[in-house]
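*Asks:* Take a look at the following structure, please.
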Amino acid sequence: MLLPLLLALAYFPPPFPGRGALVLVLAALLQWRATASSWPPNTGDMRALRYGLACTWLFVLPTVERLVLHTPEREFWRVGDDGGGSPASGSAAGDGPSAGGAPKEGSWAKVWWGVRLFVTPRAVGWNFGSRAINAQRVAMREARRRGEVARAGFVAGCLWRAFWCYLVWDGVILAERKLVIPEGWAWDHDVVGRILFAELLMVLVTYCGMTMQFNLGAAIGVATGLNGPEEWPPLFGSIADCYTISNVWGKFWHQYIRQPCLGISHSIVNVLRIPRRSSLAYFIHLTTAFVISAFFHVLSVGAVAPGYYPLASLISDMSIFFLLQPIATMVEVAATKLFSRYVWAPQPAQGDSKTKQKPKEPQQPASSGDGHAESVASGSANGAGEVTPTRKAVILQSLGAALCRLAGYVWVFCWFSFSGWWFVKGYAGVRMQDWQVPFSILGKLLVPGY
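In mature numbering (1 follows the signal peptide of the UniProt record, and there is no 0), the protein residues as written are -36 to -1, 1 to 414.
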C-alpha cells in the first residue's frame, strides 16, 4: 500500500537536488518488495492477485522518469483545459499556478496536480503527452460541449464494453482448458496450428483484459465525477493500421510506457550527441523501449514463476521476443524505403498521363474554375506546369497502394506468428492458462456440471 501512496505524493515536495533519485530508490525498493514478497502466496486463485500487484511498474516507470529526468513544476502543464495551454496559464483554471505551470507549493491544489500526473501514464491532457491522444481528448471535449457525449451515456458504454470483454476473456479461459502448448517451433501442421491458436488466445486475453480494466476505471472515474469522458481516450488504436510492425507498436498497441521510454531514449541520444532524426537515433528509441519492456515483463511474470517455470528460461523468452522487435522494425523501414524508391514510385507513368502541354496563351483569370476541372479530367498539365494524372493512373495507383497494404498485413501476421511464440511460451510456462475468471458466465451456460 505504500507504493501507490509514494507515487501519488511524489510530486508534492518542492524541487530539491536529488528528489528524483530519492523517489527512484524508494520506488525500486517498494516495487521489489511487492514482487518478492511471500504475500499473496503463489498458489491457487491468489496467483492472479500476485501478478496484478507486480504490474504496478506501469505507474512506477512514468513517475520515476518524470522526476529523475525532468522538473515537472517547470516543464509540465495541462493543455486543452479552460484557461490552460501554456506554462503561464497553469495546470487548470483555478489552480493558482506558479511561474512554471504548477500550483503554489504546499497547497492542496499541488497535491491534486501531482495525483493527476500519477494516474495518467499516457500523459493524457499534458503538454508532453502524445499529440494523437491529446487530439482525441480535444475532440471528445468539443463533442461534450456540443452535447454529443454525456456522462451517463459514456459510463454505460464503458460498462457495456467491459462486459463484452469479460465474456471474451471467459471464453478464452474455457478454450485454454484443453489447449496443449507445444514445446517449441516445428514445421509440422499440428504444431504450427496449436502455436497459432495459442497466440490468438494470448492476443485476445491481453487485449480484452486490458480493455476491460481500462473501461471499468473510466466508468468509475467519470461516474464519481473525478474526471470527464475526455480524460479517457481509447486505450488501443485501430487494427486497420496494423500493416507494419512500427504501426502495431506505435499506433495500435497501448501507449502506457511510450512517454517514459522516449524520455529515457532522448536522454541517451543527447548524451551521445547523435543526430535526432537519424536512423541510429530511431534504433536507440526502439531498443530502449523494448529493453525496458522486456525487463518489466520479466519482473511481473517472474513474480508468479517460482515453482512453475525457471527464471532463466523466462528471461530468455522475453528477451528474444522483445529484442527481435527493433531489429524487425529497422529492416521493415529500410525495405519500405528501398521499395518506394526503386519499385513503387507514387507518380503516374509517362504513358498514363497526357504530358503534352498546350501552346502558350495569355494567362486566364484565376477564377476560371471550369478550366481547372477540365484539365483534371483530361490529364493535361495545369497552370503551374504540373502533370495531372488520368483516371486510369489514379485507379492503378490506388490498386497498387491497396496491394501494398495487403502485403503489409500478411507480413505483420507472419512476423508476429513467428516471434510471438516466445512471448506466449513465457506466460504458458507459469501456467497462466490455468487461472479462472471470478465467475464464468459461459462456463455455467455451455459446460455441463461446470
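Don't be surprised by glycine CBs; every beta carbon is placed ideally from N, CA and C.
Please read these numbers as outputs of a predicted model, since none were measured by experiment.
#1: Grab the span of the alpha helix (DSSP H) containing residue 404 for me, first residue to last.
#2: Taking 6 Å as the limit between beta carbons, can you name the residues of its chain near residue 30, skipping five residues before and five after?
#3: Going by the CB atoms, is the gap between residue 43 and residue 91 shorter than 8 Å?
#4: Could you please give the first and the last residue of the uninterrupted alpha helix (DSSP H) stretch that includes residue 122?
#5: Let me know the alpha helix (DSSP H) ranges lying completely inside the region 168 to 237, each 4 residues or longer, listed in chain order.
#6: Using the Cβ count rule (16 or more neighbours within 10 Å means buried), how would you classify residue 197?
#7: To which residues does DSSP link residue 90 through a beta bridge?
#8: Taking residue -5 as part of the alpha helix (DSSP H), name the residues at either end of that continuous run.
#9: Answer yes or no: do residue 415 and residue 268 have a C-beta to C-beta separation smaller than 8 Å?
#10: What are the start and end residues of the alpha helix (DSSP H) that includes residue 283?
#11: How many whole angstroms separate the CB atoms of residue 258 and residue 287, which I take to be in contact at a CB cut-off of 8 Å?
#12: Below 8 Å on the Cβ atoms is my contact criterion, and I expect residue 285 with residue 386 to pass it. Report the Cβ-Cβ distance as a whole number of Å.
#13: Per DSSP, what are the beta-bridge partners of residue 36 in this structure?
#14: Which residue comes first and which comes last in the alpha helix (DSSP H) that contains residue 244?
#15: Under a three-way DSSP split, which group does residue 67 fall into?
#16: Leaving out five residues before and five after residue 74 in sequence, what residues of the same chain have Cβ atoms less than 7 Å from its Cβ?
#17: Between the C-alpha atoms of residue 331 and residue 356, what's the straight-line distance to the nearest angstrom?
#18: Between the alpha carbons of residue -11 and residue -27, how many angstroms are there, rounded?
#19: Once you ignore the five residues that flank residue 388 on each side, which residues in its own chain have a CB closer than 6 Å to its CB?
#20: Taking the alpha carbon of residue 279 as the reference point, which residue from 204, 265, 135, 77 has its own alpha carbon closest?
#21: Relative to the alpha-carbon of residue 225, which residue among 12, 367, 26 has its alpha-carbon at the smallest distance?
#22: What separation, rounded to the nearest whole angstrom, lies between the Cα atoms of residue 144 and residue 395?
#23: Please state the DSSP three-state secondary structure of residue 145.
#24: By how many angstroms is the C-alpha of residue 300 removed from the C-alpha of residue 210?
#25: Taking just the CA atoms, how far does residue 239 sit from residue -36?
#26: What is the DSSP secondary structure of residue 328, counted as helix, strand or coil?
#27: Using the three-state DSSP reduction, which class does residue 109 fall into: helix, strand or coil?
#28: Which whole-angstrom value is the C-beta distance of residue 21 and residue 200, which I expect to be below 8 Å?
#29: Expressed to the nearest angstrom, what Euclidean distance is found between the alpha-carbon atoms of residue 376 and residue -32?
#30: Which value, in whole angstroms, describes the spacing of the CA atoms of residue 282 and residue 262?
#31: Distance, Cα to Cα, residue 2 vs residue 272?
#32: Quick one: Cα of residue 86 to Cα of residue 135, how far?
#33: From residue 378 to residue 370, what distance separates their C-alpha atoms?
*Replies:* By the coordinates alone:
#1: On the sequence shown, residue 404 is found 440 positions in, with the first residue counted as 1. Counting along the chain, residue 404 falls outside any alpha helix (DSSP H), and DSSP gives it neither H nor E.
#2: As a working mapping, residue 30 is identified with position 66 in the sequence shown. Once the five neighbours on either side are set aside, the close Cβ partners of residue 30 are 36.
#3: Your numbering for residue 91 matches position 127 in the sequence shown. Your numbering for residue 43 matches position 79 in the sequence shown. Contact: yes.
#4: Sequence index remark: in the sequence shown, residue 122 carries index 158 (1-based). Looking at the DSSP string, the run of the alpha helix (DSSP H) that includes residue 122 is 115 to 140.
#5: 222 to 236
#6: By 1-based counting over the sequence shown, the position of residue 197 is 233. Residue 197 should be labelled buried.
#7: Numbered from 1 along the sequence shown, position 126 holds the residue referred to as residue 90. Bridge partners of residue 90: 42.
#8: What you label residue -5 is simply residue 32 of the sequence shown in a count that begins at 1. First-last of the alpha helix (DSSP H) with residue -5: -18 to -1.
#9: The question about residue 415 has no answer here: the residues shown for the chain are numbered -36 through 414.
#10: Translated into the one-based positions of the sequence shown, residue 283 becomes position 319. Residues 275 to 306.
#11: Locating residue 258 in the sequence shown gives position 294, where the first residue counts as 1. Locating residue 287 in the sequence shown gives position 323, where the first residue counts as 1. Indeed they touch by this definition, with Cβ atoms about 7 Å apart.
#12: For this step, residue 285 is matched to residue 321 along the sequence shown. For this step, residue 386 is matched to residue 422 along the sequence shown. That belief holds up - the Cβ atoms of residue 285 and residue 386 are roughly 4 Å apart, short of 8 Å.
#13: By 1-based counting over the sequence shown, the position of residue 36 is 72. Paired residue(s): none; residue 36 is not in a bridge.
#14: Indexing the sequence shown from 1 puts residue 244 at position 280. Residue 244 -> alpha helix (DSSP H) spans 243 to 266.
#15: Locating residue 67 in the sequence shown gives position 103, where the first residue counts as 1. Residue 67: strand per DSSP, three-state reduction.
#16: The residue labelled residue 74 in the question sits at position 110 within the sequence shown. Cβ within range, chain order: -25, 66, 67, 68.
#17: Counted from its first residue, the sequence shown places residue 331 at position 367. Counted from its first residue, the sequence shown places residue 356 at position 392. Bear in mind that a pLDDT of 43 at residue 331, under 50, signals an unreliable position, so the model cannot answer this.
#18: Mapped onto the sequence shown, residue -11 falls at position 26. Mapped onto the sequence shown, residue -27 falls at position 10. Cα-Cα distance, rounded: 10 Å.
#19: Numbered from its first residue, the sequence shown carries residue 388 at position 424. Contacts found: 162, 163, 166.
#20: Along the sequence shown, one-based indexing puts residue 279 at 315. Of the listed residues, the one whose Cα sits closest to residue 279 is 265.
#21: For this step, residue 225 is matched to residue 261 along the sequence shown. The candidate whose alpha carbon is nearest that of residue 225 is 26.
#22: As a working mapping, residue 144 is identified with position 180 in the sequence shown. As a working mapping, residue 395 is identified with position 431 in the sequence shown. Answer to the nearest angstrom: the Cα atoms are 12 Å apart.
#23: Here residue 145 is taken as the residue at index 181 of the sequence shown, counted from 1. Residue state, collapsed to three classes: coil.
#24: As a first step, residue 210 is located in the sequence shown; it is residue number 246 there, counting from the start. As a first step, residue 300 is located in the sequence shown; it is residue number 336 there, counting from the start. Going by the C-alpha atoms only, they are around 12 Å apart.
#25: As a working mapping, residue -36 is identified with position 1 in the sequence shown. As a working mapping, residue 239 is identified with position 275 in the sequence shown. So the two alpha carbons sit approximately 43 Å from each other.
#26: Position 364 of the sequence shown, counted from the start, is the residue given in the question as residue 328. Only weak support is given to the placement of residue 328: the predicted model assigns it a pLDDT of 47, under 50, and the value that follows is read from those uncertain coordinates. Here residue 328 sits in coil by DSSP.
#27: Against the sequence shown, residue 109 aligns to sequence position 145. Helix at residue 109.
#28: Position 57 of the sequence shown, counted from the start, is the residue given in the question as residue 21. Position 236 of the sequence shown, counted from the start, is the residue given in the question as residue 200. At roughly 20 Å, the Cβ-Cβ gap does not stay under 8 Å, so residue 21 and residue 200 are not in contact.
#29: Against the sequence shown, residue 376 aligns to sequence position 412. Against the sequence shown, residue -32 aligns to sequence position 5. Going by the C-alpha atoms only, they are around 41 Å apart.
#30: Numbered from 1 along the sequence shown, position 318 holds the residue referred to as residue 282. Numbered from 1 along the sequence shown, position 298 holds the residue referred to as residue 262. Taking the straight line from one Cα to the other gives about 7 Å.
#31: Residue mapping note: residue 2 aligns to position 38 of the sequence shown, counting from 1. Residue mapping note: residue 272 aligns to position 308 of the sequence shown, counting from 1. Rounded to the nearest angstrom, the two C-alpha atoms are 15 Å apart.
#32: Walking along the sequence shown from the start, residue 86 turns up at place 122. Walking along the sequence shown from the start, residue 135 turns up at place 171. Roughly 30 Å separates the two Cα atoms.
#33: What you label residue 378 is simply residue 414 of the sequence shown in a count that begins at 1. What you label residue 370 is simply residue 406 of the sequence shown in a count that begins at 1. When rounded, the distance between both Cα atoms is 12 Å.
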